[in-house]
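In our numbering, the protein residues as written are 32 to 250.
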C-alpha cells in the first residue's frame, strides 16, 4: 500500500501538465580536495535518467577549481564534458565552461546563499557546418539550509535561467529543489532531493519531476 501511495505521489502531476512532462532520476558523486587553505579542486561524475527513468538521457564529468575570497564570498571556474541523448538514440558531445560567484551568510541556524553563474556551452563541435552550436546562460540561485541538531540538514532552493542566443535572450527555465543532506562521517555525506524543473518561452517546453541522490566526499 505504501509503495502504491509513493508511485501516485510521484507520477500524479504528470497526468495534468501536458505532453512534455517527464519523471527522472539523477545520480551523482562529488569529490572535493583542499589544495591550500582557501583553494580546492572538485570532481563530479553524474548520470541522469529520463523518459520516466527508462533510459540514460545524459552523463557528464565536472571538474573545477574553487577559491574562498573571505568567509562569505567564493569564486570557482569549471569545465564539464557531457554526452546527451538525441531523438535518434545517439549521443551528442557537449562542452560547458562556467564560472560561479557565491555569497553566504547565516541567520541563526539558517544558512543563506546566493550563487550567480555564467555558462557557455558548445554542442556537436565536429558535426555542424559552422563547427559548434553555442548556448549561453546566466543562472541565479537562492538557497536556504537549516542546521539541525541531528545529522540531517534540510534545504530548499530556487534557480532561474536567463538564456542568451544570437536571436533572442530571455528567461527560459526554472528549477526548485527540496531535500536534505545526511552526514555519514567527518568526510562524507549523502544528499537526497526532489526537483521540479520547468522550461518556458521555448519551443516544446518540458516539465520534469526528478529524484536525485548524491554522495559527497571532502578531504
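Glycine included, each C-beta is placed from N, C-alpha and C at the ideal position.
#### Entry: Reduced DSSP secondary structure (H/G/I, E/B, other) of residue 249
Residue 249 falls in the strand class under three-state DSSP.
### Beta-carbon contacts of residue 203 that lie in its chain and below 7 Å, excluding the five residues immediately before and after
Closer than 7 Å at Cβ, skipping near neighbours: 192, 194, 230, 231, 232 and 233.
### Buried or exposed (CB count within 10 angstroms, at least 16 for buried), residue 208
Looking at its Cβ environment, which holds 16 or more other Cβ atoms inside 10 Å, residue 208 is buried.
### Message
So, for residue 82: in the same chain, excluding its five sequence neighbours on each side, which residues have a beta-carbon less than 8 Å away from its beta-carbon?
### Response
Excluding positions up to five away in sequence, the list reads 53 and 88.
#### Entry: Straight-line Cα distance separating residue 218 from residue 140
A direct Cα-to-Cα measurement between residue 140 and residue 218 gives close to 21 Å.
### Message
With three or more C-beta pairs closer than 8 Å as the rule, is the segment 142–156 touching the segment 168–181?
### Response
Judged by Cβ distances under 8 Å, the segment 168–181 makes contact with the segment 142–156, as three or more pairs qualify.
### Query
Is residue 91 near residue 111, with beta carbons less than 7 Å apart?
Going by beta carbons, residue 91 and residue 111 fall inside the 7 Å limit.
### Query
Rounded to a whole number of angstroms, what is the C-alpha to C-alpha distance between residue 166 and residue 122?
Their Cα atoms are separated by approximately 17 Å.
#### Entry: Residues that DSSP places opposite residue 205 in a beta bridge
191 and 229.
### beta strand (DSSP E) runs wholly inside the segment 98–167, at least 3 long, in chain order
Look at the segment 98–167 and you find these whole runs of beta strand (DSSP E), each 3 residues long or longer: 104–116, 122–138 and 141–154.
### Task
Helix, strand or coil for residue 72, going by three-state DSSP, please let me know.
Here residue 72 sits in strand by DSSP.
### Query
Just curious, the beta strand (DSSP E) that residue 60 is in, first and last residue?
Start and end: 52–65.
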